[in-house]
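K.L.:
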Amino acid sequence: MNPQPEFFSNHGKNSLRQGPDSQGHFGQYGGIFSSETLIPLIHELQQAYAKAKNDPEFQKELTYYLKNYVGRPSPLWFAKRLTEAGKGARIYLKREDLNHTGAHKINNVMGQILLARRMGRNRIIAETGAGQHGVATATACALLGMKCVIYMGAVDVERQKTNVFRMRLLGAEVVPVTSGSSTLKDAINEGMRDWVANVHDSYYLMGTAAGPHPYPEMVRDFQCIIGNETRQQIKEIEGRLPDTIIAAIGGGSNAIGIFHPFLDDHSVELIGVEAGGKGLDSGETAASIERGSSGVLHGNRTYLLQNEDGQVTEAYSISAGLDYPGVGPEHAWLHDIGRVKYVAINDDEAVKAFQDCTTLEGIMPALESAHAIAHALKIASTMKTDQIIIVNLSGRGDKDIYSVANYLGVEL
Amino acid sequence: MSRISERFSALKQAQKGAFIPYVEAGDPDYETAMAILKAMPDAGADLIEIGMPFSDPMADGPTVQAAANRALKAGANMTKTLQMVTEFRKQDQNTPIILMGYTNPVEHYGYERFCENAAKAGADGLILVDMPFEEMDNIKPYAQKHGIDIIHLVAPTTSPQRLKKILKDATGFVYYVSIAGITGTKTATIQALQEAIPQVRAATDLPIAIGFGLSTPEHIASALTVADAAVVASALLKTLESTLDQNQNPTSETTTKVIQHTKRLAAGKQNVHK
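Just so you know, the protein sequences line up as chains A and B, in that order.
Under numbering that gives the first Met the number 0, think of the first position of the first sequence as 0, with each following residue one higher.
Under numbering that gives the first Met the number 0, think of the first position of the second sequence as 0, with each following residue one higher.
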């Protein structure tokens, strides 16, 4: 199949795919909420991105790396034994875990790093939660010979030791962040602080479809290759579009990437799975849409976990990639207009799905992706056997074996 | 005339610059922050900035972050911050109070409700660090209605065209963020300020305050040779932090030391005649 990405196609007036507006708004969400020092830089980035996406040379370059370095297209795998276990709809897995570096994160990183190079920036700053975005960024920096600084919450540094070492082997400087709750949100704060102090030579490489405009749009565009490929693949295999697409949501970049090309196909049900943590009402959850409210953090307005005083509260999930107290602004909007349904899967259900997918398919999913698989298994039996569910298997689970062992009480 | 314009025109007549110290509301607890706030005018504060604590202060360095954390742990919230202003106004009707913070707690409190209650409490200006000019319509109508000046930040990265756009309808004063960076880290050189401030001046008739990175009486003096006001935050918060006990609680020295430091900083402006 032709891996040519269609990130940048234009959409009609009634399309749900035309957002954001020129100021970065998706309905009331999104926008640019950053300190004045960064605003001119953000405007420069907007212009550079607008120019790049209309430049066939840029598309050609990106396509080259995605095909030959990342290994795209990623397969769409019919999960026969998971389907049998689900006792209903046919379950397909979009194998983003097979990308170089083991997750969907590299799709966005390749796009942004080529943009950074065009902009003449050679120092890359990024945040990471589970470490997948950090590893992808460190990898691309090694490839292109750029300096790489990764901010990572100290708590995450501890629970994702192997990824930390991986980043360091790749030549990145990993900075543990001890402010706030020492997790992803604090890593973003610290990365932004670095950017504002090093505006002349640094590029902030946001890993999820959040942050000030144009990041939510840009990250989404680079991740849309997932949905574009999926669309073509399912048509080739089944001759039709799927009934349901399911993806896990932390910030929401893998989900928006697979959902977006299907937004105008109203026959396709789209389900985002948030991390319920220990339960939606346990006080230990990361479900920003289901348990949060509108607020402003990290440069955009979106759903946030916050207290009655507008202080951002700590998110919790067994998955380090999902414990973010916000969500990309386009998801907030898609929730409000009802186009995407958002549900929660708790830690225990995710670990069970992690085990099921591993033993039934020989595919060890990231704990993030295991949330989506768990929901697929939950609803498969309510669907007919000729219906189709596609799960975005956003990353591989090797990085999570310590968390899973710990959860299961196994000492390694 | 607003308290802010009155204060700046009085200082202009006296050929003096303004010194603006910063208090983090509720840091290390409500009572201590209140005592510091009340003592500041006598210690030489011409205007006072009150920080509204936020869990994720992205534009701030470690010192202000720590102050916000202490305040939140000690139970600070928006209602108590405004209460501080109310209480301050019982003894001082002239020193302008500028509330400084981040968008989310204000948005969550409600923009209109905030402007109404802040004005009622006796606040004069508002700085929202992460609300750029383009998003100001969120709050501007309410601020205007209730007589709160929105203080705009401009930075070394702000182009002359953008300066004009931002400052076209600005009121109160202009806050020049003197370094590309976070609060309390590096300090701008006098040469950089001498180059930058006239450009801001060309775009507005409002007084210009310099902040981010001023920490000594000398910094204040040199900032005031080019601008109209100097803001100091982190240096005072560091002093406060140094007086706390191991549980981050205030000691008998806390208020005294912060006020003594405020006086030393205020003395920095005495030799500058405008």
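The beta carbon of each residue, even a glycine, is placed where N, CA and C say it ideally should be.
Quick check on the burial criterion: 16 or more other C-beta atoms within 10 angstroms. Buried or exposed for alanine 9/B?
P.N.:
Counted from its first residue, the second sequence places residue 9/B at position 10. By the 10 Å Cβ count, alanine 9/B comes out exposed.
K.L.:
Tell me, which residues are paired with cysteine 147/A by DSSP?
P.N.:
Within the first sequence, the letter at position 148 stands for residue 147/A. Answer is Ile123/A.
K.L.:
Determine contact between the region 318 to 337 of chain A and the region 124 to 134 of chain A, defined as no fewer than three beta-carbon pairs at a distance below 8 Å.
P.N.:
Contact between the region 318 to 337 of chain A and the region 124 to 134 of chain A is present, because at least three Cβ pairs lie under 8 Å.
K.L.:
In terms of residue numbering, what span does the alpha helix (DSSP H) encompassing alanine 343/A cover?
P.N.:
On the first sequence, position 344 is the one that residue 343/A refers to. Looking at the DSSP string, alanine 343/A is not in any alpha helix (DSSP H); the run it does join, the beta strand (DSSP E), is 339 to 345.
K.L.:
For the structure I just gave you, are there three or more beta carbon pairs, one from the region 44 to 51 of chain A and one from the region 336 to 355 of chain A, closer than 8 Å?
P.N.:
Not touching, per the Cβ criterion.
K.L.:
Can you tell me the Cβ-Cβ gap for histidine 212/A and glycine 23/A, rounded? I've got them flagged as a contact below 8 Å.
P.N.:
Locating residue 212/A in the first sequence gives position 213, counting from the first residue. Locating residue 23/A in the first sequence gives position 24, counting from the first residue. Indeed they touch by this definition, with Cβ atoms about 2 Å apart.
K.L.:
Could you give the distance in angstroms between the alpha-carbon of threonine 284/A and the alpha-carbon of glycine 278/A?
P.N.:
Position 285 of the first sequence, counted from the first residue, corresponds to residue 284/A. Position 279 of the first sequence, counted from the first residue, corresponds to residue 278/A. Roughly 6 Å between the two C-alpha positions.
K.L.:
Out of Leu15/A, Ile41/A, Arg16/A, Gly11/A, which one is the CA nearest neighbour of asparagine 299/A?
P.N.:
Locating residue 299/A in the first sequence gives position 300, where the first residue counts as 1. Nearest of Leu15/A, Ile41/A, Arg16/A, Gly11/A to asparagine 299/A, Cα basis: Ile41/A.
K.L.:
For isoleucine 258/B versus alanine 122/B, is the C-beta spacing smaller than 8 Å?
P.N.:
On the second sequence, residue 258/B is found 259 positions in, with the first residue counted as 1. On the second sequence, residue 122/B is found 123 positions in, with the first residue counted as 1. Not closer than 8 Å, so no.
K.L.:
Determine the direct distance from the alpha carbon of isoleucine 123/A to that of glycine 256/A, and round the result to whole angstroms.
P.N.:
Indexing the first sequence from 1 puts residue 256/A at position 257. Indexing the first sequence from 1 puts residue 123/A at position 124. Approximately 23 Å, taken between the alpha carbons.
K.L.:
Start and end of the alpha helix (DSSP H) containing tyrosine 29/B?
P.N.:
The count along the second sequence starts at 1 and reaches residue 29/B at position 30. That run of the alpha helix (DSSP H) goes 29 to 38.
K.L.:
According to DSSP, simplified to helix, strand and coil, what is glutamate 189/A?
P.N.:
On the first sequence, position 190 is the one that residue 189/A refers to. Residue state, collapsed to three classes: helix.
K.L.:
Measure the beta-carbon distance from asparagine 137/B to tyrosine 110/B and round it to whole angstroms, keeping in mind my assumption that it falls under 8 Å.
P.N.:
Along the second sequence, one-based indexing puts residue 137/B at 138. Along the second sequence, one-based indexing puts residue 110/B at 111. Indeed they touch by this definition, with Cβ atoms about 6 Å apart.
K.L.:
When the Cα atoms are used, what is the spatial distance from asparagine 270/B to alanine 220/B?
P.N.:
Mapped onto the second sequence, residue 270/B falls at position 271. Mapped onto the second sequence, residue 220/B falls at position 221. Going by the C-alpha atoms only, they are around 7 Å apart.
K.L.:
Does the region 170 to 183 of chain A touch the region 325 to 339 of chain A, meaning 3 or more C-beta pairs lie closer than 8 Å?
P.N.:
Segments in contact, no.
K.L.:
Applying a beta-carbon distance threshold of less than 7 Å, which residues of chain B neighbour threonine 36/A?
P.N.:
For the purposes of this step, residue 36/A is taken as the residue at position 37 of the first sequence. The answer, in chain order, is Ala154, Thr156, Val176, Ala179.
K.L.:
Would you say phenylalanine 32/A reaches chain B, if we count a Cβ-Cβ gap shorter than 8 Å as a contact?
P.N.:
Translated into positions along the first sequence, residue 32/A becomes position 33. It does; some Cβ of chain B falls within 8 Å.
K.L.:
Just the chain A side, please: which residues come within less than 7 Å of asparagine 248/B by C-beta, in chain order?
P.N.:
Position 249 of the second sequence, counted from the start, is the residue given in the question as residue 248/B. Correct list: empty, because the minimum Cβ distance to chain A is about 21 Å.
K.L.:
Closer than 9 Å, Cβ to any Cβ of chain A: which residues of the region 53 to 72 of chain B, in chain order?
P.N.:
The residues in question are Phe53, Ser54, Asp55, Pro56, Met57, Ala58, Asp59, Gly60, Pro61, Gln64, Ala65, Asn68, Leu71.
K.L.:
Is the Cβ-Cβ distance between phenylalanine 211/B and isoleucine 165/B less than 8 Å?
P.N.:
Within the second sequence, numbered from 1, the residue matching residue 211/B stands at position 212. Within the second sequence, numbered from 1, the residue matching residue 165/B stands at position 166. It is not a contact, given that the beta carbons lie outside the stated cut-off.
K.L.:
Helix, strand or coil: which one does DSSP assign to arginine 94/A?
P.N.:
Start at 1 with the first residue of the first sequence, and residue 94/A comes out as number 95. Strand.
K.L.:
Exposed or buried, which one is isoleucine 207/B when buried takes at least 16 other CB atoms within 10 Å?
P.N.:
Within the second sequence, the letter at position 208 stands for residue 207/B. Buried: at least 16 other Cβ atoms inside 10 Å.
K.L.:
Cα separation between glutamate 157/A and valine 409/A?
P.N.:
Within the first sequence, residue 157/A is the residue found at index 158, counting from 1. Within the first sequence, residue 409/A is the residue found at index 410, counting from 1. Cα-Cα distance, rounded: 18 Å.
K.L.:
By how many angstroms is the C-alpha of threonine 255/B removed from the C-alpha of aspartate 26/B?
P.N.:
Stepping through the second sequence from its first residue, residue 26/B is reached at position 27. Stepping through the second sequence from its first residue, residue 255/B is reached at position 256. When rounded, the distance between both Cα atoms is 15 Å.
K.L.:
Identify whether threonine 243/A lies in helix, strand or coil by the three-state DSSP scheme.
P.N.:
Here the question's residue 243/A lines up with position 244 in the first sequence. Residue state, collapsed to three classes: strand.
K.L.:
Relative to chain A, which residues along the region 115 to 135 of chain B have a C-beta separation below 7 Å, given in chain order?
P.N.:
Here the close residues are Val128, Asp129, Met130, Pro131, Glu133, Glu134.
K.L.:
In the DSSP assignment, the alpha helix (DSSP H) including serine 402/A goes from what residue to what residue?
P.N.:
In the first sequence, residue 402/A corresponds to position 403, counting from 1. Where serine 402/A is concerned, the enclosing alpha helix (DSSP H) stretches over 400 to 407.
K.L.:
Measuring only between beta-carbons, confirm whether leucine 44/A sits less than 8 Å from chain B.
P.N.:
Numbered from its first residue, the first sequence carries residue 44/A at position 45. So, not an interface residue.
K.L.:
Could you name the residues of the same chain whose beta carbon sits closer than 6 Å to that of glycine 267/B, not counting the 5 residues immediately before and after it, in chain order?
P.N.:
One-based indexing of the second sequence puts residue 267/B at position 268. Around glycine 267/B: Pro216, Ile219, Ala220.
K.L.:
With DSSP collapsed to three states, give me the class of methionine 99/B.
P.N.:
Within the second sequence, numbered from 1, the residue matching residue 99/B stands at position 100. Three-state DSSP puts methionine 99/B in a strand.
K.L.:
Since threonine 102/B meets chain A, which of its residues come closer than 7 Å, beta carbon to beta carbon?
P.N.:
Taking the first residue of the second sequence as 1, we reach residue 102/B at position 103. Here the neighbours are Phe32, Val295.
K.L.:
Looking at the unbroken alpha helix (DSSP H) that takes in glycine 110/A, where does it start and where does it end?
P.N.:
On the first sequence, residue 110/A is found 111 positions in, with the first residue counted as 1. 104 to 117 is the extent of the alpha helix (DSSP H) around glycine 110/A.
K.L.:
Strictly below 7 Å CB to CB, what residues from chain A border glutamate 252/B?
P.N.:
Walking along the second sequence from the start, residue 252/B turns up at place 253. Per Cβ cutoff of 7 Å: no residues; glutamate 252/B is ~26 Å from chain A at best.
K.L.:
Considering only C-alpha positions, which residue in the set Ile19/B, Ile3/B, Phe7/B is nearest to histidine 260/B?
P.N.:
Taking the second sequence and counting its residues from 1, the one referred to as residue 260/B is at position 261. Ranking the options by Cα distance to histidine 260/B, first place goes to Ile19/B.
K.L.:
With a threshold of 8 Å, are at least 3 pairs of Cβ atoms found where one atom belongs to the region 226 to 237 of chain A and the other to the region 187 to 197 of chain A?
P.N.:
Short answer: they don't touch.
K.L.:
Could you work out which residue in Met145/A, Leu262/A, Lys160/A is closest to glycine 152/A when comparing CA atoms only?
P.N.:
Your numbering for residue 152/A matches position 153 in the first sequence. Closest option to glycine 152/A, Cα to Cα, is Lys160/A.
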